Amino acid sequence: MDASTEALSGSGSKLYDLPNDVLIYIFSKSNLKELLNFKKTCRKFYKLIGDNYIRMSRTAAFEMSITRSSLDDGEISFDLDVCYVNHNIGNRSSNGKYFKRDIKSDEEFSKLLKIFVTKSLYRLVVRNCDNIDVFKVLYKHYQQDSSIEILYIDKLGEKDIQPFQQFMNQLKNVKMLEVLQISSSLKACKTKPSLIFPSLTSLECISLTESQDTNFLNHRLIVELFKNNPNIRDLRLSSMNINFMESVLVWFFFRQQITTSRTCNHNKISLCLDNISTYKEKLIRTLDITMCYLRGILGYEVLTTFKGHTKYEIVKKCFHCNEKSIDIHVTLINGTTKL
Numbered sequence: 001m002d003a004s005t006e007a008l009s010g011s012g013s014k015l016y017d018l019p020n021d022v023l024i025y026i027f028s029k030s031n032l033k034e035l036l037n038f039k040k041t042c043r044k045f046y047k048l049i050g051d052n053y054i055r056m057s058r059t060a061a062f063e064m065s066i067t068r069s070s071l072d073d074g075e076i077s078f079d080l081d082v083c084y085v086n087h088n089i090g091n092r093s094s095n096g097k098y099f100k101r102d103i104k105s106d107e108e109f110s111k112l113l114k115i116f117v118t119k120s121l122y123r124l125v126v127r128n129c130d131n132i133d134v135f136k137v138l139y140k141h142y143q144q145d146s147s148i149e150i151l152y153i154d155k156l157g158e159k160d161i162q163p164f165q166q167f168m169n170q171l172k173n174v175k176m177l178e179v180l181q182i183s184s185s186l187k188a189c190k191t192k193p194s195l196i197f198p199s200l201t202s203l204e205c206i207s208l209t210e211s212q213d214t215n216f217l218n219h220r221l222i223v224e225l226f227k228n229n230p231n232i233r234d235l236r237l238s239s240m241n242i243n244f245m246e247s248v249l250v251w252f253f254f255r256q257q258i259t260t261s262r263t264c265n266h267n268k269i270s271l272c273l274d275n276i277s278t279y280k281e282k283l284i285r286t287l288d289i290t291m292c293y294l295r296g297i298l299g300y301e302v303l304t305t306f307k308g309h310t311k312y313e314i315v316k317k318c319f320h321c322n323e324k325s326i327d328i329h330v331t332l333i334n335g336t337t338k339l
């Protein structure tokens, strides 16, 4: 045994540290709470567990939150919160929560993620982490066909666009995607989607907002999302780009007419166009003209909500079954206030 694993007691008897492999075996049989306590015991245990997470008994996470740290020390750091389920003796389960503050390096972040099984996550929240490589770490951590049902991202910067797409294309079973603010100097391309998500096929709800000086979102993105995700029922967009918003508005109605799907598409579907106070009247004129050319309208009503938003409720015949109807709701929202 080398000097690094040997110790002598003052009583004259020889005591030896357990070899690393034995310690790792013991740690691998421990639960998350015990592992965290071992890590706090000494630097050696901390390093052994950190370097051998793949051999540990990992806990399945169901919700994860990543937030830029509020510490004002001049360095970029972020906080990690993970909710998980403990399975106890007798097949009983209880909720638990792990948190780590002031994470300063990609390496530390990556090691912390390995404590948990994150392949099937219910919700991921990323707050105020634009342009600090969070999505690059998530892309490297997540394997192909990982599952996250709900994604909420409050800020997406220009540096995040590519790693965000790469990360998203590792995922499946995403049902809700919300990006509260996209900021980029990149201009929308006319011939291809501004964001490309070929692996996403189960989306039901999408909310995308770009900042005032950004002209990144484009019509092709919306077309591809609906093409690959036939179960989308709720689309909410916010942009100062009138051409983008107008094109989506017109397309949204006529896609109901020209769909080539063989399944009956009677359902309720809604579109919210947010922050359109500067060009609201133009969108209303476009919508009224579109209604004149839309076939199969059984009835429609124009309402004003108590917050002053304009809401169209349209009932249209389903041309697949010739029996059912499609309820189409379009809301034009003056500012960024909630419905």
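Okay, so the sequence shown: first residue is 1 according to full-length UniProt numbering, each after it adds one.
We put the beta carbon where it would ideally sit given N, CA and C, even for glycine.
Just so you know, these numbers come straight off a predicted model, no measurement behind them.
DSSP on residue i, reduced to helix/strand/coil?
| i | result |
| --- | --- |
| residue 278 | helix |
| residue 118 | coil |
| residue 133 | coil |
| residue 304 | strand |
| residue 292 | helix |
| residue 52 | coil |
| residue 201 | coil |
| residue 175 | coil |
| residue 180 | strand |
| residue 220 | helix |
| residue 21 | helix |
| residue 340 | Since the displayed the chain opens at 1 and closes at 339, residue 340 lies outside it and no answer follows. |
| residue 269 | strand |
| residue 2 | The pLDDT assigned to residue 2 is 38, lower than 50, so where the model puts this residue is not dependable; a value taken from the coordinates is nonetheless given after this. Here residue 2 sits in coil by DSSP. |
| residue 214 | coil |
| residue 75 | coil |
| residue 238 | strand |
| residue 95 | strand |
| residue 100 | strand |
| residue 233 | coil |
| residue 84 | strand |
| residue 225 | helix |
| residue 284 | helix |
| residue 196 | coil |
| residue 156 | strand |
| residue 32 | helix |
| residue 186 | coil |
What is the residue span of the beta strand (DSSP E) that residue i lies within?
| i | result |
| --- | --- |
| residue 327 | 325-332 |
| residue 207 | 205-210 |
| residue 148 | 146-153 |
| residue 312 | 310-317 |
Take the Cβ of residue i as the centre, count every other Cβ of all protein chains shown within 10 Å, and call the residue buried at 16 or more, exposed below.
| i | result |
| --- | --- |
| residue 22 | exposed |
| residue 129 | buried |
| residue 340 | With the chain represented from 1 up to 339, any question about residue 340 goes unanswered, as that position is not in the structure. |
| residue 186 | exposed |
| residue 59 | buried |
| residue 312 | buried |
| residue 278 | exposed |
| residue 126 | buried |
| residue 42 | exposed |
| residue 117 | exposed |
| residue 229 | buried |
| residue 239 | buried |
| residue 99 | exposed |
| residue 26 | exposed |
| residue 272 | buried |
Among the residues of its own chain, which have a CB less than 8 Å from the CB of residue i, if the five just before and after it don't count?
| i | result |
| --- | --- |
| residue 337 | For residue 337, the predicted model reports a pLDDT of 48, less than 50, meaning its position is unreliable; a value from the coordinates is still stated below. Within the same chain, residue 337 has close Cβ partners 307. |
| residue 40 | 46 |
| residue 30 | 38, 56 and 57 |
| residue 11 | Residue confidence for residue 11 is low, a pLDDT of 44 falling below 50, so the modelled location carries little weight; the figure read from the coordinates is stated next. If we look at residue 11 and ignore the five residues flanking it on each side, it has no Cβ neighbours. |
| residue 309 | 331, 332, 333, 334 and 339 |
| residue 3 | Reliability of the predicted coordinates at residue 3 is poor, the pLDDT of 34 falling under 50, and the value obtained from them is presented with this limitation in mind. Excluding sequence neighbours, residue 3 sits near nothing in its chain. |
Taking 6 Å as the limit between beta carbons, can you name the residues of its chain near residue i, skipping five residues before and five after?
| i | result |
| --- | --- |
| residue 194 | 188, 216, 217, 218 and 221 |
| residue 180 | 154 and 209 |
| residue 253 | 290 and 294 |
| residue 207 | 178 and 236 |
| residue 329 | 270 and 313 |
| residue 184 | 158, 214 and 216 |
Between which two residues does the alpha helix (DSSP H) harbouring residue i extend?
| i | result |
| --- | --- |
| residue 62 | Segment 59-68 is the beta strand (DSSP E) holding residue 62; no alpha helix (DSSP H) there. |
| residue 168 | 161-168 |
| residue 110 | 106-113 |
Under 7 Å Cβ to Cβ from residue i, same chain only, skipping five residues before and after it: list those, please.
| i | result |
| --- | --- |
| residue 327 | 268 and 315 |
| residue 62 | 83, 84, 85, 121 and 122 |
| residue 145 | 172 |
| residue 317 | 296, 298 and 325 |
| residue 150 | 122, 123, 175 and 176 |
> Touch check for the segment 228-245 and the segment 292-310: three-plus C-beta pairs under 8 Å?
Replying inline: no
> So does the segment 132-148 actually touch the segment 166-176, counting three or more Cβ pairs closer than 8 Å?
Replying inline: yes
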